[in-house]
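Worksheet for the structure shown next.
Chains as they are written, first to last, in this note's numbering: chain A, 1 to 115; chain B, 1 to 113.
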């Protein structure tokens, strides 16, 4: 248990569906992240929120839409996805320490399958 | 962001010491070196972090030479449960922008009985 929870753990959706992934951190952190991990590929950083403001968007298609309503919650809204979007979606959080680098705590991930 | 290079895979046996080396030739002055472990279908888990010389915790040791262009993660007396992918990351914290780390392909460690 890392203090970061994700729901649902598994999701199957059609290409025309709209769904949302939820992440919640119980660590009092002030930065949250979405990553995508496809089979046999490295983790890809998708979005970063720092103090509830989005600070990074690595050229992610607009069919992925993040939302960070407060420092403890992060959502990833999905619509009109493609089969190649099937992957493990990981949420992480960290505490901005002000120096050096901080440790990211990852949730268990949501295994997404797009049919 | 500094690029890292590590072996794709390694095999070991229970009870052996395992050393995984990571190259990061263009590491910047403010960069730290961090290692994560990932089991299948789980998120990565922090193992150890260092800036220079040697760092040791209850799980592993991290050796960093003076030029900091490489680092070695050392796992003492591995067990079957240490079978996982190990990622070496190099990066620094932008106070306003969070932790901009890039995960490479990692090293898949297989521990055999």
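Beta carbons: idealized from backbone N, C-alpha and C, even for Gly.
C-beta contact flag for residue 103 of chain B and residue 89 of chain B at 9 Å
yes
Below 8 Å, how does it come out for the region 18–32 of chain B and the region 32–50 of chain A: are there three or more Cβ pairs, yes or no?
no
Listing by chain order, which chain B residues have their CB less than 8 Å from the CB of residue 66 of chain A?
Ordered by position in chain B, no residue passes the 8 Å Cβ test against residue 66 of chain A, which lies about 13 Å from the chain.
Per DSSP, what kind of secondary structure is residue 59 of chain A in: helix, strand or coil?
coil
Quick check: the region 4–16 of chain A against the region 56–72 of chain A, are there 3 or more CB pairs under 8 Å?
no
Interface residues of chain B facing residue 103 of chain A [CB-CB closer than 8 Å]
34, 46 and 49
Does the beta-carbon of residue 105 of chain A have 16 or more other beta-carbons within 10 angstroms, so that it is buried, or is it exposed?
buried
What is the rounded straight-line gap between the Cα of residue 73 of chain A and the Cα of residue 113 of chain B?
42 Å
Around the Cβ of residue 61 of chain A, are there at least 16 other Cβ atoms within 10 angstroms (buried) or fewer (exposed)?
exposed
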